[in-house]
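All remarks here apply to the structure that follows.
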Amino acid sequence: MRKTAPILSAFLTLLLATSAFSQSKLYGTVTQVIDGKTIVVVPQAGMSITLELQYIEVPEAQQPLHSTVKDHLKKLLLNQTVMFEPNGMALDKTVGRVYLNGVDISQQMIRDGAAWHSASEKKNQEAGESLLYEENQARAKAEKRGVWSIEGMKPAWQFRAELREKKRREKVEKIKAMQAAARAKLAAQPKPKSRRSKSAGNMTAGFGIETWSNSPKTYAQKLGGYDNLYFGSTPKKDASYIVTDQTFPLVRAGKVSQKLDMRTIYVSKGELYNPYQHVYFIAMISSSKNFRFHKSNSLTLTLDGKKMYIGRSFRMFRNEPGGVGELLLVPVTRKKLSRIAKARNIRMKVGNFSGAAKKEYSDMLIELLDATK
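Under the working numbering, the first residue of the sequence shown is numbered 18, with each subsequent residue one higher.
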């Protein structure tokens with residue numbers, strides 16, 4: 018029985034998520050209270066279900082009364098036999114109503130001032146029931162019970178939103194504080210003469226082959242929390258960027274082979290995280306005796322056997338000792354980058370050259386998408 022219990026428990030949880038069982042009324046004993054709206058119910062020996070009370074929000078761990086609300090729910094339900102009506106799933110929990118002696122515990126928590134009526138769930142609630150919840154909340158507020166006894170206390174959803182915004186701002190400020198050093202480092206680099214079209218210069222926010230010919234480590238600073246990302250800025254264009262580390266795919270056209278220096282970059286106007294003015298590029302650098310991509314330079318990827326056209330490149334070039342250097346910058350959408358990052362096998366065709374992208378390329382894209390979300 019010990020070996021089969023976890024399987025049966027998981028199977029029961031799966032059944033509870035299906036429409037056929039979502040209206041079922043089940044019974045069990047509350048053996049644990051995890052937080053102010055989450056309990057563990059045992060319907061029979063060897064089986065347990067984690068349940069989340071529907072239609073309410075309770076104080077977050079960083080808010081006042083978090084422990085008090087948990088203790089309140091514990092006094093109401095611990096070791097009690099309850100009836101529960103599963104109504105769906107949320108991550109690893111079953112969501113629904115819980116009743117003790119016919120009393121709706123979600124409604125009781127609201128009436129006691131131990132919870133707020135969830136703003137996001139109201140639209141999915143029956144109108145009459147939602148009105149009843151609102152009336153109980155109004156009474157608790159008028160009597161200054163629980164969460165209403167603390168002046169200015171914000172509902173959990175608002176608290177979470179402000180916390181996310183605070184963390185975002187702190188992240189931006191930390192990076193901005195480091196950008197002065199990155200600008201100085203970039204400005205101090207020698208800038209070889211390069212040739213590019215005006216349209217390419219405008220589209221690439223001032224990034225030229227002189228910048229890209231070096232490793233990101235030489236012109237940008239490591240972005241904290243990520244293994245393969247660097248950040249910096251281009252003062253002349255008032256732009257900031259995050260760039261992945263290099264990978265070096267080998268591409269071929271007939272008997273001719275060419276190693277590429279491949280990276281992906283996020284460029285935003287002004288601040289590093291500008292939600293309104295930003296663009297992603299896939300960048301490839303080629304150094305060889307002769308031009309490889311002057312006639313044809315469009316990029317197409319094959320992701321797990323399915324082709325995806327990325328687009329034409331903005332091409333720049335310069336003379337180098339013993340040959341020429343070419344930089345290809347291909348604008349790409351975040352949606353396409355997300356698809357690339359999920360692919361297990363990536364083939365690339367740039368111009369007349371084709372080959373396989375390096376394995377680590379997907380990992381770098383995952384980091385870039387996370388850092389710029």
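Just so you know, even glycine gets a beta-carbon here, dropped at the ideal spot from N, CA and C.
The alpha helix (DSSP H) spanning residue 166 covers which residue range? As a first step, residue 166 is located in the sequence shown; it is residue number 149 there, counting from the start. Premise fails: residue 166 is in no alpha helix (DSSP H) and is neither H nor E.
In the structure shown, what three-state DSSP assignment does residue 242 receive? Position 225 of the sequence shown, counting from 1, holds the residue named residue 242. In the structure shown, residue 242 sits in coil (DSSP, three-state: anything other than H, G, I, E or B).
Residue from 89, 42, 271 and 349 with nearest C-alpha to residue 126: Residue mapping note: residue 126 aligns to position 109 of the sequence shown, counting from 1. In terms of CA proximity to residue 126, 89 leads the group 89, 42, 271 and 349.
What ranges does the beta strand (DSSP E) occupy inside the stretch 76–157, keeping only unbroken runs of at least 3 residues that lie completely in it? The qualifying runs are 98–107 and 110–117.
Identify whether residue 387 lies in helix, strand or coil by the three-state DSSP scheme. Reading the sequence shown from its first residue, position 370 is the one you call residue 387. Helix.
Against chain C, with Cβ distances strictly below 8 angstroms, would residue 377 count as a contact? The chain inventory of the structure shown lacks chain C, comprising one protein chain alone.
On the three-state DSSP scale, how would you describe residue 332? Taking the first residue of the sequence shown as position 1, residue 332 is located at position 315. Three-state DSSP puts residue 332 in a strand.
Kindly examine the ligand COA and report whether one of its heavy atoms sits closer than 7 angstroms to the Cβ of residue 86. Of the ligands one can find in the structure shown there are none, so the ligand COA has no counterpart to examine.
Sequence-distant residues of its chain with Cβ nearer than 7 angstroms to residue 321 (five each side left out): Start at 1 with the first residue of the sequence shown, and residue 321 comes out as number 304. Apart from the 5 residues on each side of it in sequence, residue 321 sits with its Cβ closer than 7 angstroms to the Cβ of 360, 361 and 362 in its chain, given in chain order.
Is the CB-CB distance between residue 67 and residue 111 below 8 angstroms? The residue given as residue 67 occupies position 50 in the sequence shown. The residue given as residue 111 occupies position 94 in the sequence shown. With contacts defined as CB atoms closer than 8 angstroms, residue 67 and residue 111 qualify as a contacting pair.
Three-state secondary structure assigned by DSSP to residue 308: Here residue 308 refers to the residue found at position 291 when the sequence shown is read from its first residue. Looking at residue 308 - three-state DSSP - the assignment turns out to be coil, as it is neither helix nor strand.
Leaving out the 5 sequence neighbours to the left and right, which residues in its chain are closer than 6 angstroms to residue 349 when beta-carbon positions are compared? The residue labelled residue 349 in the question sits at position 332 within the sequence shown. The residues are 297, 299 and 327.
Could you spell out the range, first to last residue, of the alpha helix (DSSP H) harbouring residue 280? As a first step, residue 280 is located in the sequence shown; it is residue number 263 there, counting from the start. Residue 280 -> not in any alpha helix (DSSP H); beta strand (DSSP E) instead, spanning 273–286.
N- and C-terminal bounds of the alpha helix (DSSP H) containing residue 359: In the sequence shown, the residue the question calls residue 359 occupies position 342. Counting along the chain, the alpha helix (DSSP H) containing residue 359 begins and ends at 351–359.
Starting from residue 44, follow the beta strand (DSSP E) in both directions and report where the run begins and ends. Translated into the one-based positions of the sequence shown, residue 44 becomes position 27. Going by DSSP, residue 44 is part of the beta strand (DSSP E) stretching over 43–52.
Rounded Cβ spacing between residue 313 and residue 340 (contact assumed at less than 8 angstroms): Stepping through the sequence shown from its first residue, residue 313 is reached at position 296. Stepping through the sequence shown from its first residue, residue 340 is reached at position 323. Taking a contact as a CB-CB distance under 8 angstroms, the pair residue 313 and residue 340 does not count as one, their CB atoms being some 19 angstroms apart.
Buried/exposed call for residue 307, threshold 16 Cβ in 10 Å: Looking up residue 307 in the sequence shown gives position 290. Under a 10 Å Cβ-count criterion, residue 307 is classified as exposed, with fewer than 16 other Cβ atoms of the shown protein chains found around its own Cβ.
Check the DSSP bridge columns for residue 258 and list the partner residues they point to. As a working note, residue 258 is residue 241 in the sequence shown. Looking at the DSSP assignment, residue 258 forms a beta bridge with 249 and 284.
With a 10 Å radius around its C-beta and 16 neighbouring C-beta atoms as the bar for buried, classify residue 244 as buried or exposed. Residue 244 sits at position 227 when you count from the first residue of the sequence shown. Residue 244 is exposed by the Cβ-count criterion.
If contact is defined by three or more beta carbon pairs under 8 angstroms, each pair taking one atom from either stretch, is the stretch 136–143 in contact with the stretch 152–168? When Cβ pairs closer than 8 angstroms are counted between the two stretches, the stretch 152–168 is seen not to touch the stretch 136–143, the count staying below three.
Helix or strand or just coil, what does DSSP make of residue 375? Here residue 375 refers to the residue found at position 358 when the sequence shown is read from its first residue. It is coil, neither helix nor strand.
Nearest-angstrom Cα separation, counted from residue 150 out to residue 124: For the purposes of this step, residue 124 is taken as the residue at position 107 of the sequence shown. For the purposes of this step, residue 150 is taken as the residue at position 133 of the sequence shown. Going by C-alpha positions, residue 124 is about 6 angstroms away from residue 150.
Integer Cβ distance of residue 153 from residue 181, believed to fall under 8 angstroms: Taking the first residue of the sequence shown as 1, we reach residue 153 at position 136. Taking the first residue of the sequence shown as 1, we reach residue 181 at position 164. About 29 angstroms separates the two Cβ atoms, so there is no contact after all.
Just curious, the beta strand (DSSP E) that residue 338 is in, first and last residue? By 1-based counting over the sequence shown, the position of residue 338 is 321. Residue 338: not part of any beta strand (DSSP E); DSSP gives it neither H nor E.
Label residue 384 either buried or exposed according to how many other C-beta atoms from any shown protein chain fall within 10 Å of its C-beta, with 16 as the threshold for buried. Numbered from its first residue, the sequence shown carries residue 384 at position 367. Answer is buried; the Cβ neighbour count reaches 16.
In the structure shown, what three-state DSSP assignment does residue 347 receive? Locating residue 347 in the sequence shown gives position 330, where the first residue counts as 1. In the structure shown, residue 347 sits in a strand (DSSP, three-state: E or B).
Let me know the secondary structure DSSP gives residue 176 once reduced to three states. Here residue 176 refers to the residue found at position 159 when the sequence shown is read from its first residue. In the structure shown, the three-state DSSP call for residue 176 is helix.
If we ignore side chains and look at the alpha-carbon of each, how far apart do residue 158 and residue 50 end up? Taking the first residue of the sequence shown as 1, we reach residue 158 at position 141. Taking the first residue of the sequence shown as 1, we reach residue 50 at position 33. Rounded to whole angstroms, the separation of the alpha carbons of residue 50 and residue 158 is 25 angstroms.
Between residue 122 and residue 93, is the Cβ-Cβ spacing less than 8 angstroms? The count along the sequence shown starts at 1 and reaches residue 122 at position 105. The count along the sequence shown starts at 1 and reaches residue 93 at position 76. Yes, the Cβ-Cβ distance between residue 122 and residue 93 is below 8 angstroms.
Assuming contact is defined by CB atoms lying nearer than 8 angstroms, are residue 357 and residue 316 in contact in what I supplied? In the sequence shown, the residue the question calls residue 357 occupies position 340. In the sequence shown, the residue the question calls residue 316 occupies position 299. Pairing residue 357 with residue 316 gives a Cβ-Cβ distance that is not under 8 angstroms.
Can you check whether the CB of residue 75 is closer than 8 angstroms to the CB of residue 424? It is not possible to answer for residue 424, since the shown part of the chain is limited to 18 through 390.
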